[in-house]
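Asks:
In my numbering, the protein residues as written are 21 to 514.
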């Protein structure tokens, strides 16, 4: 029996040595980084969680361009504005690929839609979506009217609380989700509608789930985790809601098909159906139902979660920095008065308010880690040779907190976006919407939503801590989007 144990022990030692030598040879082809352990790589170093502050700490040891091993997969991590700019802007074409991780591949069934697609599929779907959103009013008065309507509803909803402590997250999410629902489906939902509640839960699901250990484990050990996936998917609430979202989108598509008139398109869904009909004989067309479902899912999640969480942070910061809130309100009163409807064009005459909104986005840095990119062809990055297929992680928080780009990066300071005369200034390092070929498709919609709704709320209310609450928790909850801890606010009518 002992010889058998010795054989297994010797075999285990051989595997460890073989793995060590294999990784050692591989490491020579990548930027330096912490030594990976067998099997798990650097997941232990990360605490099995991709936390932007952890990535910054590793950068303090190995420099702004270094390599981490997520299980058996090497990933080049980029920190600071210059490193991220070099990849996403200066080498935009080389890093336009979006690798689909094993977790998302098994979840959505392949590289469909916009976010996870590449090549011909990505180009067709993105071009069509961008053109269609513009035709439906993106950046135009019709969409602005819809946002203003949701801002009015939000003001009325807050006013009904009469200054009592309230959780603002659900009303904010409801209003933002209805803006994108009107674009995609041609109608808004009643907030009492169970379907709408399912939509909201589905929009929150993946952002919450990405902050857990499971995606990291799944991507590191896909062969093992795949056998557990049926149990995993059924048992995790977030994934259940995500599949509910897919189901509800399929129902909307079915209803649209039943009343669809090609010559009278009402919304994005109708226009996509028309495009499918026009290209049904084209063998190069990617306008198929599976892409339609995923594109609408991508637009729904991207169009609701990030803007909602930014506004959620915004009200928290207004309570934390009452002097900033007061200065915004003075500017709004001077330029707009107490009741004029806020327009997106007003941002040009409200420089301080505009600066505060940008600083909220910078300081909260909700999309702290940009979505992973893949190298499309051999290139050079910050002096390192990068081969085709290599994965990179742009640490966006490191750009928004880069001490070489921001005067007080770790402080909430709207003056980051103002010149000496108080005029608003754009900053090159403001990469909250990412950059390059994969820049956020919904950037314009997000900017309109944030400015109109934030300004409308500050025009109508002063936000204060509930009585007895002395401290504001500004710590973040790490996930696909960095969220604040739940809180309550008192919206005092002005």
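Backbone N, C-alpha and C fix where the C-beta goes; we use that ideal spot for every residue, glycine too.
Would you list the one or two residues that DSSP bridges to residue 117?
Replies: Residue 117 sits at position 97 when you count from the first residue of the chain shown. Paired residues: 394.
Asks: If distances are taken between C-alpha atoms only, which option among 238, 448 and 443 comes closest to residue 426?
Replies: Here residue 426 refers to the residue found at position 406 when the chain shown is read from its first residue. The candidate whose alpha carbon is nearest that of residue 426 is 448.
Asks: Just the Cα atoms here: how many angstroms apart are residue 254 and residue 260?
Replies: Taking the first residue of the chain shown as position 1, residue 254 is located at position 234. Taking the first residue of the chain shown as position 1, residue 260 is located at position 240. Residue confidence for residue 254 is low, a pLDDT of 47 falling below 50, so the modelled location carries little weight; the figure read from the coordinates is stated next. Each residue's alpha carbon lies about 7 Å from the other.
Asks: Return the Cβ separation of residue 13 and residue 387 in integer angstroms, given the expectation that the two are a contact with Cβ distance under 8 Å.
Replies: In this structure the chain extends from 21 to 514, so residue 13 is not present and cannot be described.
Asks: State yes or no: is the beta carbon of residue 506 nearer than 9 Å to at least one beta carbon in chain D?
Replies: Here chain D cannot be found, since the structure has a single protein chain.
Asks: My output table needs one value for residue 87: the three-state DSSP class, helix, strand or coil.
Replies: As a first step, residue 87 must be located in the chain shown, where it is residue number 67. The answer is strand: DSSP assigns residue 87 an E or B state.
Asks: Based on DSSP bridge pairs, tell me the residues matched to residue 186.
Replies: Residue mapping note: residue 186 aligns to position 166 of the chain shown, counting from 1. 509, per the DSSP bridge assignment.
Asks: Does the beta-carbon distance from residue 98 to residue 415 come in below 9 Å?
Replies: Locating residue 98 in the chain shown gives position 78, counting from the first residue. Locating residue 415 in the chain shown gives position 395, counting from the first residue. Contact: yes.
Asks: Only counting the same chain, and skipping five residues up and downstream in sequence, which positions put a Cβ closer than 7 Å to that of residue 348?
Replies: If you number the chain shown from 1, residue 348 lands on position 328. For residue 348, where only same-chain residues beyond five positions count, the Cβ hits under 7 Å are 372, 373, 376 and 478.
Asks: Which two residues bound the contiguous beta strand (DSSP E) that contains residue 404?
Replies: Your numbering for residue 404 matches position 384 in the chain shown. Counting along the chain, the beta strand (DSSP E) containing residue 404 begins and ends at 404 to 406.
Asks: Assuming the contact rule is C-beta atoms closer than 8 Å, residue 498 and residue 69 should be a hit. Round their C-beta distance to whole Å, please.
Replies: Counting from one through the chain shown, the residue named residue 498 turns up at place 478. Counting from one through the chain shown, the residue named residue 69 turns up at place 49. Right, the Cβ-Cβ distance comes to about 6 Å (below 8 Å), so this counts as a contact.
Asks: Indicate the three-state DSSP secondary structure (helix, strand or coil) for residue 400 in the structure shown.
Replies: Here residue 400 is taken as the residue at index 380 of the chain shown, counted from 1. Three-state result, residue 400: strand.
Asks: Find out if the Cβ-Cβ distance for the pair residue 202, residue 290 is shorter than 9 Å.
Replies: Looking up residue 202 in the chain shown gives position 182. Looking up residue 290 in the chain shown gives position 270. Contact: no.
Asks: Rounded to a whole number of angstroms, what is the C-alpha to C-alpha distance between residue 393 and residue 317?
Replies: The residue you call residue 393 lines up with position 373 of the chain shown. The residue you call residue 317 lines up with position 297 of the chain shown. Answer to the nearest angstrom: the Cα atoms are 20 Å apart.
Asks: Is it buried or exposed for residue 297, if we count other Cβ within 10 angstroms and need 16 for buried?
Replies: Taking the first residue of the chain shown as 1, we reach residue 297 at position 277. When all chains shown are included, residue 297 counts as exposed.
Asks: From the DSSP output, in three-state form, read off residue 203 for me.
Replies: Stepping through the chain shown from its first residue, residue 203 is reached at position 183. It is helical.
Asks: Would you tell me roughly how many angstroms separate the C-alpha atoms of residue 489 and residue 180, rounded to the nearest one?
Replies: As a working note, residue 489 is residue 469 in the chain shown. As a working note, residue 180 is residue 160 in the chain shown. Between residue 489 and residue 180, the C-alpha separation is close to 22 Å.
Asks: Smallest Cα separation from residue 199: which of 314, 322 and 141?
Replies: Position 179 of the chain shown, counted from the start, is the residue given in the question as residue 199. The residue with the shortest Cα to Cα distance from residue 199 is 322.
Asks: Along the beta strand (DSSP E) that carries residue 94, what are the first and last residues, could you check?
Replies: Residue 94 sits at position 74 when you count from the first residue of the chain shown. Segment 93 to 98, the beta strand (DSSP E) holding residue 94.
Asks: Could you check if residue 343 is buried or exposed, using at least 16 other CB atoms within 10 Å of its CB as the buried criterion?
Replies: Within the chain shown, numbered from 1, the residue matching residue 343 stands at position 323. It is exposed - the Cβ of residue 343 has fewer than 16 other Cβ atoms within 10 Å.
Asks: What number of angstroms, rounded off, separates the C-alpha of residue 492 from the C-alpha of residue 150?
Replies: The residue you call residue 492 lines up with position 472 of the chain shown. The residue you call residue 150 lines up with position 130 of the chain shown. Distance between the alpha carbons of residue 492 and residue 150 is about 39 Å.
Asks: When you compare only the Cα positions, how much space is there between residue 460 and residue 454?
Replies: Against the chain shown, residue 460 aligns to sequence position 440. Against the chain shown, residue 454 aligns to sequence position 434. C-alpha separation (whole angstroms): 6 Å.
Asks: Under the rule that 16 or more other beta-carbon atoms within 10 Å means buried, what is residue 379, buried or exposed?
Replies: Counting from one through the chain shown, the residue named residue 379 turns up at place 359. Burial call: buried.
Asks: Do you know how far the Cα of residue 384 is from the Cα of residue 89?
Replies: By one-based count along the chain shown, residue 89 stands at place 69. By one-based count along the chain shown, residue 384 stands at place 364. Going by the C-alpha atoms only, they are around 27 Å apart.
Asks: If residue 456 and residue 116 are in contact, beta carbons under 8 Å, what's the gap, nearest whole angstrom?
Replies: Looking up residue 456 in the chain shown gives position 436. Looking up residue 116 in the chain shown gives position 96. Yes, they are in contact, since the Cβ atoms of residue 456 and residue 116 sit about 7 Å apart, within 8 Å.
Asks: Is residue 414 helix, strand or coil when you go by DSSP?
Replies: In the chain shown, counting from the first residue as 1, residue 414 sits at position 394. Residue state, collapsed to three classes: strand.
Asks: In whole angstroms, give me the CA-to-CA distance for residue 140 and residue 134.
Replies: By one-based count along the chain shown, residue 140 stands at place 120. By one-based count along the chain shown, residue 134 stands at place 114. So the two alpha carbons sit approximately 11 Å from each other.
Asks: Run through DSSP, which three-state label would residue 482 get?
Replies: Numbered from its first residue, the chain shown carries residue 482 at position 462. Residue state, collapsed to three classes: strand.
Asks: For residue 431 and residue 238, what's the separation of their Cα atoms in angstroms?
Replies: Against the chain shown, residue 431 aligns to sequence position 411. Against the chain shown, residue 238 aligns to sequence position 218. When rounded, the distance between both Cα atoms is 36 Å.
Asks: Give me the Cα-Cα distance between residue 507 and residue 187, rounded to the nearest whole angstrom.
Replies: For the purposes of this step, residue 507 is identified with residue 487 of the chain shown, where counting begins at 1. For the purposes of this step, residue 187 is identified with residue 167 of the chain shown, where counting begins at 1. Those two C-alpha atoms are separated by around 6 Å.
Asks: Using the beta-carbon count (16 or more within 10 Å), is residue 471 buried or exposed?
Replies: Translated into positions along the chain shown, residue 471 becomes position 451. By the neighbour-count rule (16 or more Cβ atoms within 10 Å), residue 471 is buried.
Asks: In the DSSP assignment, find the alpha helix (DSSP H) that holds residue 142 and state where it starts and stops.
Replies: In the chain shown, the residue the question calls residue 142 occupies position 122. Segment 139 to 155, the alpha helix (DSSP H) holding residue 142.
Asks: Could you check how far apart the C-beta atoms of residue 483 and residue 363 are, in whole angstroms? I think they sit under 8 Å.
Replies: To locate residue 483, count along the chain shown from 1; it is residue 463. To locate residue 363, count along the chain shown from 1; it is residue 343. Incorrect: roughly 22 Å between the Cβ atoms, too far for contact.
Asks: Classify residue 72 as helix, strand or coil using the three-state DSSP reduction.
Replies: Indexing the chain shown from 1 puts residue 72 at position 52. Of the three classes helix, strand and coil, the one that applies to residue 72 here is helix, per DSSP.
Asks: Please identify the residue among 190, 163 and 100 whose C-alpha is closest to the C-alpha of residue 424.
Replies: The sequence position of residue 424 within the chain shown is 404, counting from 1. Ranking 190, 163 and 100 by Cα distance to residue 424 puts 100 first.
Asks: Could you pull the start and end residues of the alpha helix (DSSP H) that residue 101 belongs to?
Replies: For this step, residue 101 is matched to residue 81 along the chain shown. Taken as a continuous stretch (DSSP letters only), the alpha helix (DSSP H) holding residue 101 covers 101 to 105.
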